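In the working numbering, the protein residues as written are 1392 to 1708.
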């Protein structure tokens, strides 16, 4: 299988490293602009233009360049018949996604948008608990993701990262779209009731560093999402309240507590970050082989993006 990377930043390098461990032989290619300061690994054939890269006829394209370039790059690769692994988020705008969706359907392509939290034991277990109706009908929920942006990428000045620049797709709404994605995965169709964003901290960035969002599901459960770039003690949690009980999940501590009127169940998990990315890659590659549609394909990711971008629409009303 011939795999093209459209960028070898931190996430591209992670996928490359884990694919090397996969046990299957891949031919690696990479489209890299002249602006890169790092050397291309010896086992990767480098291309200085996307045209040149696509002339090598890759089977799969990993869209791992900046968010603002995801859509245009994915459209070019889909036009060449590549199956697509697109790093989250799908795009910085919903405009133009229909064109990609049409190309994918016309060419019968396998697509997946990389929201790796779906592959954590935490969310798999929460999904099972909900499926088993252990806490009854969901009535409310709260997702919280806060951490300190300057500590995200120790080898890069945060002020020069895409997270700092709204024109590159930066800002907490899209950077932390995981929360929108997994709530959609767990609870189904929903809409943004209201949302507010701001740039309120002393961080030297131009993108929003906080968002508060209220959502409503089709079953009329009401919930919220908090996102920020400035929390010094990282927090990523999910609380779901049902008719018969409550689920409390902590991603950083890798624990879940489920309280009902009858019992209290505690779960703890032992896994590394690479384990989650490895499972995600195995899932995608297996679906490329079987030609079975992936979860969180372009169509599903388009809907999640619509829900997330509604936040900024409400903010401007």
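Beta carbons: idealized from backbone N, C-alpha and C, even for Gly.
The structure presented is a predicted model; accordingly, all values stated were derived computationally and were not measured.
### Query
If we count Cβ pairs, one from each stretch, closer than 8 Å, do we get three or more for the stretch 1599-1612 versus the stretch 1530-1548?
yes
### Task
Going by CA-CA distance only, name the one from 1432, 1467 and 1431 that's closest to residue 1445.
To locate residue 1445, count along the chain shown from 1; it is residue 54. The shortest Cα separation from residue 1445 among 1432, 1467 and 1431 belongs to 1467.
### Task
Check whether the Cβ atoms of residue 1588 and residue 1479 sit closer than 9 Å, and answer yes or no.
Counted from its first residue, the chain shown places residue 1588 at position 197. Counted from its first residue, the chain shown places residue 1479 at position 88. No, Cβ-Cβ distance for residue 1588 and residue 1479 is not below 9 Å.
### Task
Buried or exposed for residue 1643, please, with buried defined as at least 16 other CB atoms from any protein chain shown within 10 angstroms of its CB.
As a first step, residue 1643 is located in the chain shown; it is residue number 252 there, counting from the start. Classification for residue 1643: exposed.
### Query
In this structure, does DSSP put residue 1417 in helix, strand or coil?
As a first step, residue 1417 is located in the chain shown; it is residue number 26 there, counting from the start. The answer is coil: DSSP assigns residue 1417 none of H, G, I, E or B.
### Query
Could you give the residue range of the beta strand (DSSP E) that holds residue 1646?
By one-based count along the chain shown, residue 1646 stands at place 255. Residues 1646-1651.
#### Entry: Among 1396, 1696 and 1401, the one whose alpha carbon lies nearest that of residue 1545
Translated into positions along the chain shown, residue 1545 becomes position 154. Answer by Cα proximity: 1401.
### Exposure of residue 1745, with buried meaning 16 or more beta-carbon neighbours within 10 Å
Residue 1745 is absent from the structure shown; the chain starts at 1392 and stops at 1708.
### Task
Along the alpha helix (DSSP H) that carries residue 1513, what are the first and last residues, could you check?
For the purposes of this step, residue 1513 is taken as residue 122 along the chain shown, with counting starting at 1. Residues 1512-1522.
### Message
Mapping the DSSP letters down to three states, classify residue 1454 as helix, strand or coil.
### Response
Taking the first residue of the chain shown as position 1, residue 1454 is located at position 63. Strand at residue 1454.
### Task
With residue 1633 as the anchor, note down where its alpha helix (DSSP H) starts and where it stops.
Along the chain shown, one-based indexing puts residue 1633 at 242. Premise fails: residue 1633 lies in the beta strand (DSSP E), 1621-1633, not in any alpha helix (DSSP H).
### Neighbourhood of residue 1505 by C-beta distance below 7 Å, restricted to the same chain and skipping five residues each side
The count along the chain shown starts at 1 and reaches residue 1505 at position 114. The residues are 1476, 1477, 1478, 1479 and 1671.
### Query
Skipping 5 residues on each side, what residues in its chain have a beta carbon closer than 6 Å to that of residue 1699?
Position 308 of the chain shown holds residue 1699. Here the set comprises 1564, 1568 and 1571.
### Message
Just verifying my parser: in three-state terms, what is the DSSP assignment at residue 1602?
### Response
Here residue 1602 corresponds to residue number 211 of the chain shown, with the count starting at 1. The answer is strand: DSSP assigns residue 1602 an E or B state.
### Query
Does DSSP put residue 1531 in a helix, in a strand, or in coil?
If you number the chain shown from 1, residue 1531 lands on position 140. Strand, per DSSP.
### Query
Where does residue 1479 fall in DSSP's three states?
In the chain shown, counting from the first residue as 1, residue 1479 sits at position 88. Residue state for residue 1479 is assigned as coil, using DSSP reduced to three classes.
### residue 1474 burial status per 10 Å Cβ neighbour count (16 or more: buried)
What you label residue 1474 is simply residue 83 of the chain shown in a count that begins at 1. Classification for residue 1474: buried.
#### Entry: Same chain, Cβ closer than 7 Å to residue 1512, five either side skipped, listed in chain order
Locating residue 1512 in the chain shown gives position 121, counting from the first residue. Taken in chain order, the residues that qualify are 1660 and 1662.
### Task
Have a look at the DSSP bridge pairing and note the partners of residue 1474.
Counting from one through the chain shown, the residue named residue 1474 turns up at place 83. The partner list for residue 1474 (beta bridge, DSSP) reads 1451.
#### Entry: Segment contact, 8 Å Cβ cut-off, at least three pairs: the stretch 1645-1659 with the stretch 1626-1636
Because the criterion of three Cβ pairs below 8 Å is met, the stretch 1645-1659 and the stretch 1626-1636 touch.
### Task
Return the chain-ordered ranges of every alpha helix (DSSP H) run that is complete within the stretch 1551-1608 and spans a minimum of 4 residues.
1563-1566 and 1569-1578
### Query
Excluding five sequence neighbours on each side, which residues of the same chain lie with their C-beta closer than 6 Å to the C-beta of residue 1561?
Within the chain shown, residue 1561 is the residue found at index 170, counting from 1. For residue 1561, where only same-chain residues beyond five positions count, the Cβ hits under 6 Å are 1553, 1554, 1555 and 1598.
### Query
Is it right to say residue 1413 is buried, meaning 16 or more other beta carbons lie within 10 angstroms of its own, or is it exposed?
For the purposes of this step, residue 1413 is taken as residue 22 along the chain shown, with counting starting at 1. Residue 1413 comes out exposed.
### Query
Comparing alpha-carbon positions, which option in 1586, 1397 and 1621 lies nearest residue 1455?
On the chain shown, position 64 is the one that residue 1455 refers to. Of 1586, 1397 and 1621, the residue nearest in Cα terms is 1397.
### Query
Alpha carbon to alpha carbon, what distance is there between residue 1691 and residue 1528?
Position 137 of the chain shown, counted from the start, is the residue given in the question as residue 1528. Position 300 of the chain shown, counted from the start, is the residue given in the question as residue 1691. Going from the Cα of residue 1528 to the Cα of residue 1691 covers about 24 Å.
### Query
Run through DSSP, which three-state label would residue 1662 get?
As a first step, residue 1662 must be located in the chain shown, where it is residue number 271. Of the three classes helix, strand and coil, the one that applies to residue 1662 here is coil, per DSSP.
### Query
What do you reckon, are the CB atoms on residue 1517 and residue 1629 nearer than 9 Å?
Position 126 of the chain shown holds residue 1517. Position 238 of the chain shown holds residue 1629. Contact flag set, yes.
### Query
So which of 1604, 1577, 1578 and 1431 has the shortest CA-CA distance to residue 1585?
Indexing the chain shown from 1 puts residue 1585 at position 194. The candidate whose alpha carbon is nearest that of residue 1585 is 1604.
### Query
Residue range of the alpha helix (DSSP H) that residue 1692 falls in?
In the chain shown, residue 1692 corresponds to position 301, counting from 1. Bounds of the alpha helix (DSSP H) holding residue 1692 are 1689-1706.
### Query
Does the distance from the C-beta atom of residue 1559 to that of residue 1459 stay below 9 Å?
By 1-based counting over the chain shown, the position of residue 1559 is 168. By 1-based counting over the chain shown, the position of residue 1459 is 68. The answer is yes: Cβ separation under 9 Å.
### Query
For residue 1617, is the classification buried or exposed, using 16 other Cβ atoms within 10 angstroms of its Cβ as the cut-off for buried?
Position 226 of the chain shown holds residue 1617. By the C-beta density criterion, residue 1617 is buried, having at least 16 other C-beta atoms within 10 angstroms.
### Query
Does the Cβ-Cβ distance between residue 1709 and residue 1449 come in under 9 Å?
In the structure as shown, the chain begins at 1392 and stops at 1708. Residue 1709 is therefore absent and cannot be evaluated.
### Message
Given a cut-off of 9 Å on the beta-carbon distance, is the pair residue 1770 and residue 1577 in contact?
### Response
With the chain represented from 1392 up to 1708, any question about residue 1770 goes unanswered, as that position is not in the structure.
### Message
Could you compute how far the alpha carbon of residue 1683 sits from the alpha carbon of residue 1502?
### Response
Position 292 of the chain shown holds residue 1683. Position 111 of the chain shown holds residue 1502. Between residue 1683 and residue 1502, the C-alpha separation is close to 10 Å.
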